[in-house]
Amino acid sequence: MTKTQVLAQLKKIGLVPVLRAESVDQALALAEAIAAGGVTVLEVTMTVPGAIQVMRKLAETRPDILIGAGTVLDPETARMCILEGAQFVVSPALNLKTIEMCHRYSIAALPGALTPTEIVTAWQAGADVVKVFPASSMGGASYLKSIKAPLPQVELIPTGGVSLATAEDFLRAGAFALGVGADLVNPKAPAAEITENARKYLAIVQRFQTA
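For the sequence shown, numbering that gives the first Met the number 0 puts the final residue at 210, and the numbers step up evenly by one.
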């Protein structure tokens, strides 16, 4: 899948579940539960023990899932993840060398930023989409709307504070897609609950896109 196709898929699904788990097996089970709900995009964070193994296993067994590497802090980690099948790279903060590494491999770069200066810096450095994190600490959807007003050309994925209750607000504020953490990817929740919540999130996105 080309970078253009990856970005189109991210936009279509409209969700980037942020997977945090305590083991490889738990991470794989969470991935299956999310995919069962129709959400075939997943950000495997580097905080998961054996995160590389998780990405490798998913790349081998679930080619239908768009796999991203999350919490990537440096270009060396980005390269390692890309070689193991990551199709997009997400960071909690801005590291220009990481964006450069993604460009080298034609992989979508989603660096994290928060202030207008950081967001513009990331965009000018070649970010494909900027992850606004933590969005909740700056006022949530209202902050995103304020950023999009002078910067309509910058694609933004809010992360932090996205829930079933706030998802539509973020979409109306101009979000490219939604980064969803524990409200969807809760390691302590039953698989059936995670699958049902994935369906609910997907329904919100689809309802918004067809409105």
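Using N, Cα and C, we set each Cβ at its ideal position, and we do this for glycine too.
Would you mind reading off the limits of the alpha helix (DSSP H) that contains Ala-140?
Per DSSP, Ala-140 is one residue of the alpha helix (DSSP H) stretching across 140 to 147.
Can you list, in chain order, the residues of its chain with a C-beta nearer than 6 Å to that of Ile-203? Leave out the 5 residues immediately preceding and following it.
The beta carbon of Ile-203 is closer than 6 Å to those of Ala-166, Glu-167 in its chain, skipping five residues each way along the sequence.
Which term fits Ala-7, buried or exposed, when burial requires 16 or more other beta carbons within 10 angstroms of its beta carbon?
The residue in question, Ala-7, is exposed, as its Cβ has fewer than 16 Cβ neighbours within 10 Å.
In the DSSP assignment, what residue or residues form a beta bridge with Glu-42?
Val-17, Gly-67
Simplified DSSP state of Ile-106, which is helix, strand or coil
In the three-state DSSP reduction, Ile-106 falls in the coil class, being neither helix nor strand.
Going by the beta-carbon positions, is the gap between Val-17 and Val-184 smaller than 8 Å?
yes
What span of residues does the beta strand (DSSP E) with Pro-157 cover, start to end?
155 to 157
Collapsed DSSP secondary structure at Ala-34 in the structure displayed:
helix
Does the region 73 to 81 come close enough to the region 96 to 110 to have 3 or more Cβ pairs within less than 8 Å?
yes
Chain-order list of residues whose beta-carbon lies under 8 Å from that of Val-119 (same chain, five-residue window excluded)
Cβ within range, chain order: Leu-150, Val-153.
Neighbourhood of Thr-39 by C-beta distance below 7 Å, restricted to the same chain and skipping five residues each side
Ile-12, Asp-63, Ile-64, Leu-65
Would you tell me roughly how many angstroms separate the C-alpha atoms of Val-129 and Lys-147, rounded to the nearest one?
12 Å
Neighbour-count burial assignment, Arg-19, 16 or more Cβ in a 10 Å radius
Buried, by the Cβ-count rule.
Between which residues of its own chain and Asp-212 is the CB-CB distance below 6 Å, once the five residues before and five after are set aside?
The shown model of the chain, from 0 to 210, leaves out residue 212, and the question about it has no answer.
Could you tell me if Arg-228 is buried or exposed, where buried requires 16 or more neighbouring beta carbons within 10 angstroms of its beta carbon?
For the chain, the structure presents residues 0 to 210; residue 228 sits outside this window and is missing.
Environment of Ala-164 [buried if 16+ CB atoms lie within 10 Å]
Under the 10 Å beta carbon count, Ala-164 is surrounded by fewer than 16 other beta carbons and is classified as exposed.
Is it the case that the Cβ atoms of Gly-173 and Leu-155 are separated by a distance below 8 Å?
Closer than 8 Å, so yes.
State the start and end residues of the unbroken alpha helix (DSSP H) segment that holds Leu-82.
Secondary structure note for Leu-82: its alpha helix (DSSP H) is the uninterrupted segment 74 to 82.
Since Thr-194 and Ala-26 should fall inside the 8 Å C-beta cutoff, what is the C-beta to C-beta distance between them, to a whole number of angstroms?
Their Cβ separation, rounded to whole angstroms, is 16 Å, which puts Thr-194 and Ala-26 out of contact at 8 Å.
Could you tell me the alpha carbon to alpha carbon distance between Ser-22 and Ala-121, rounded to whole angstroms?
32 Å
Using beta-carbon positions only, say whether Ala-85 and Leu-109 come within less than 8 Å of one another.
no
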